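Asker: In my numbering, the protein residues as written are 1 to 334.
Here it is in structure tokens:
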């Protein structure tokens, strides 16, 4: 059995392979290189790399890196080159190079491997453009939904004002408030960096700040709302019901836990613990009607959203105040 010539081996690989001398003269070019760059072997061997074609390979950074290898420098890893070749068009290549020695002597040579990644880069860029367009479209849709909700809320508010008093007026006002809250959530999502997910720390902090500012402005209360929200990226379809749950729980606590001019604190926390994600809304107030903490439409909405999220709600009422815990399963897509 005859010895295998290493140059025969490189003819079997798909990447373009060049063997360069110390002065960057091409000593060998495999079939893949010649086929990819539409050059005959006899037109490549014996010429300096930077003289090939119309000098498309005359790349100062590459030339310097190759010369550094010859003088004892490190190998080249994942050196990306983007060039236009008249015979084959635009190409993106990833180059790797290292110093080698020819068998039987100590002549320094460079083995240069060239991977054509043009198609992969093209697909990646097309995907990025499509993703950006989808993001812009979703933001526009979100913006339109927010505007539509504001119109509906205004109509409900007008209807509520037509009622002089009674449960009907109060019910319509609560509906208007919830629609406005949903509109605010969509507004925040439309301003997020990505439409697929939102950072809970920013999202819920801003939501709570808006809630307390609105209540204090409208009712003149002096309730303190504190947050301790861990940075947790929530998919948009999860973020909306979680935001609505926070809106219901915080609003109820502010309205019913502190009768009269009572001062107090509402604390909203979001923590990831082993096996679950735990959202807590707690207050140190004394509810006039403790049943409001878990009954009525607000309580049913919270339970419904929790079920939608695959979680459960736990409520605790004692002399220290009231706390409501939303316990969500720890899942990769949560």
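From the three backbone atoms N, C-alpha and C, an ideal C-beta is built for every residue, glycine too.
On a predicted model such as this, the values are computed, not experimentally measured, just so you know.
1) Note down, one range per segment and in chain order, each alpha helix (DSSP H) of at least 4 residues found wholly within the segment 111 to 174.
2) Taking the alpha helix (DSSP H) that residue 41 belongs to, which residues open and close that run?
3) Report yes if the CB atom of residue 298 is closer than 7 Å to the CB atom of residue 264, and no otherwise.
4) Suppose contacts are defined by Cβ-Cβ distances below 7 Å. Is residue 212 in contact with residue 270 by that definition?
5) Of all the options 226, 327, 287 and 79, which has the alpha carbon lying nearest to the alpha carbon of residue 115?
6) Where residue 278 and residue 117 are concerned, what is the direct C-alpha to C-alpha distance, given to the nearest angstrom?
7) Out of 300, 313 and 287, which one is the CA nearest neighbour of residue 319?
8) Looking only at C-alpha atoms, which of 312, 273, 185 and 197 sits nearest to residue 209?
9) Looking at C-alpha atoms only, which residue of 226, 311, 323 and 316 is the closest neighbour of residue 330?
10) With a cut-off of 8 Å on the beta carbons, I'd call residue 71 and residue 97 a contact; round off their distance for me.
11) Using CA coordinates, which residue listed in 161, 163 and 19 is at the minimum distance from residue 48?
12) At 4 residues or longer, what runs of the alpha helix (DSSP H) sit wholly inside the segment 221 to 272?
13) CB-CB under 8 Å to residue 207, same chain, minus the five flanking residues each way: which ones, in chain order?
14) When the distance is taken between beta carbons, is residue 14 closer than 7 Å to residue 21?
15) On the DSSP bridge assignment, give the partners of residue 423 in chain order.
16) Taking the alpha helix (DSSP H) that residue 66 falls in, what are its first and last residues?
17) With distances taken from CA atoms, which of 99, 199, 81 and 85 is nearest residue 92?
18) State the beta-bridge partners of residue 202 as determined by DSSP.
Answerer: In short:
1) 118 to 162
2) Counting from one through the chain shown, the residue named residue 41 turns up at place 41. It spans 41 to 44 - the alpha helix (DSSP H) in which residue 41 sits, taken as one unbroken run.
3) Here residue 298 refers to the residue found at position 298 of the chain shown. Here residue 264 refers to the residue found at position 264 of the chain shown. With respect to residue 264, residue 298 sits apart: the two C-beta atoms are not nearer than 7 Å.
4) For the purposes of this step, residue 212 is identified with residue 212 of the chain shown, where counting begins at 1. For the purposes of this step, residue 270 is identified with residue 270 of the chain shown, where counting begins at 1. Result no, Cβ atoms of residue 212 and residue 270 do not sit closer than 7 Å.
5) Walking along the chain shown from the start, residue 115 turns up at place 115. Looking at the Cα atoms, 79 is the closest of the given residues.
6) Translated into the one-based positions of the chain shown, residue 278 becomes position 278. Translated into the one-based positions of the chain shown, residue 117 becomes position 117. In this structure, the CA atom of residue 278 is about 45 Å from the CA atom of residue 117.
7) Taking the first residue of the chain shown as 1, we reach residue 319 at position 319. It is 287.
8) The residue given as residue 209 occupies position 209 in the chain shown. The option with the nearest alpha carbon to residue 209 is 185.
9) Start at 1 with the first residue of the chain shown, and residue 330 comes out as number 330. Proximity to residue 330 across 226, 311, 323 and 316 peaks at 311, based on C-alpha coordinates.
10) Numbered from its first residue, the chain shown carries residue 71 at position 71. Numbered from its first residue, the chain shown carries residue 97 at position 97. Actually they do not touch by this definition, with Cβ atoms about 13 Å apart.
11) What you label residue 48 is simply residue 48 of the chain shown in a count that begins at 1. Nearest C-alpha to residue 48: 19.
12) 236 to 256
13) Taking the chain shown and counting its residues from 1, one reaches residue 207 at position 207. So the qualifying residues of the chain are 184, 185, 188, 243, 246 and 247.
14) Counting from one through the chain shown, the residue named residue 21 turns up at place 21. Counting from one through the chain shown, the residue named residue 14 turns up at place 14. No, Cβ-Cβ distance for residue 21 and residue 14 is not below 7 Å.
15) Given a span of 1 to 334 for the chain in the structure shown, any question on residue 423 remains unanswerable.
16) As a working note, residue 66 is residue 66 in the chain shown. Note, residue 66: alpha helix (DSSP H), 60 to 70.
17) The residue given as residue 92 occupies position 92 in the chain shown. For residue 92, the nearest C-alpha among the options comes from 81.
18) Position 202 of the chain shown, counted from the first residue, corresponds to residue 202. Its beta-bridge partners do not exist; DSSP assigns none.
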